[in-house]
Amino acid sequence: MNTRNARPRLHERLEAVRLDDVEPPAPPHVCEWPGCSAHGEFRAPRGRQQLRDFMLLCLDHVREYNSRWNFFDGMSDGEVEAHLRADSTWHRPSWPFASGIFDSENWRDPFDIFGETGRRGHHDDRRERDTASPDRQTGEMMQRLGLQPGFSSDELKSRYKAMAKASHPDLNPGDAKAGERLRAIIEAYDYLRERQSVG
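So for the sequence shown, my numbering puts the first residue at 37; every next one is plus one.
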């Protein structure tokens with residue numbers, strides 16, 4: 037027997053699938069509101085602790101449910117604040133960016149791998165240099181303008197104006213270094229003004 041002739045033709049195969057044979061859609065869900073028998077097609081969480089467990093409600097009852105819904109109901113002010121703070125990081129553990137948890141003071145070297153001073157000494161020296169350089173530079177800039185520590189912004193401004201006027205190349209046509217002095221005065225003024233706004 038020829039297997040080719042035994043196979044049904046395409047139109048015969050298609051006729052075998054009828055719409056009557058397809059499963060009917062699932063029956064509509066009834067609204068889960070007490071005493072309601074309307075069609076429930078809108079999802080609503082069952083409670084604050086069950087946010088992924090939904091009940092199906094009709095349109096009228098889901099509107100009423102949403103108008104009454106308060107996630108923070110029954111929580112104290114401290115609990116609400118803690119939840120909102122944790123919500124900003126998706127309830128994952130976090131710490132401040134500049135918390136210093138990676139500073140060398142927090143490293144323990146029980147086997148003395150780095151030696152007594154090891155990396156710790158090198159790190160501290162660098163930190164001292166970083167903190168010392170701005171103070172040294174501030175002192176140099178104050179010296180350029182002839183200011184004393186604890187100067188006010190008015191003193192800075194008046195001293196800058198007086199020195200800039202005295203060192204301006206247009207007012208000192210024969211002085212070749214007047215332009216360099218003016219640039220140094222402007223640099224000192226900008227630096228000290230920026231330090232005052234930050235500090």
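Beta carbons: idealized from backbone N, C-alpha and C, even for Gly.
- Between the segment 89 to 101 and the segment 64 to 74, the count of C-beta pairs closer than 8 Å reaches three or more; the two stretches touch.
- For ALA118, the uninterrupted alpha helix (DSSP H) segment begins and ends at 113 to 123.
- The beta carbon of GLY215 lies closer than 7 Å to those of PRO205 in the same chain, with the five residues before and after it left out.
- A direct Cα-to-Cα measurement between HIS65 and SER130 gives close to 43 Å.
- Excluding its 5 nearest sequence neighbours in each direction, PHE78 has C-beta neighbours in its own chain below 6 Å: LEU93 and VAL98, listed in chain order.
- If you draw a straight line from the Cα of GLU115 to the Cα of GLY83, it is about 17 Å long.
- LEU192 and LEU228 do touch by the CB rule: their CB atoms are close to 6 Å apart, below 8 Å.
- Within its own chain, the residues whose Cβ lies closer than 7 Å to the Cβ of MET91, once the five positions on either side in sequence are excluded, are GLU68, ALA80 and ARG82, listed in chain order.
- By alpha-carbon distance to TYR101, the top candidate from ALA122, SER194 and PRO70 is PRO70.
- For ALA80, the uninterrupted beta strand (DSSP E) segment begins and ends at 78 to 83.
- LEU207 carries a coil assignment under DSSP once its states are collapsed to helix, strand and coil.
- The three-state reading of DSSP puts ASP89 in strand, counting E and B together.
- In this chain, LEU183 is not harboured by any alpha helix (DSSP H), its DSSP state being neither H nor E.
- Checking the DSSP bridge columns, you'll see VAL98 has no partner listed.
- With contacts defined by Cβ atoms closer than 9 Å, MET178 and ALA224 form a contacting pair.
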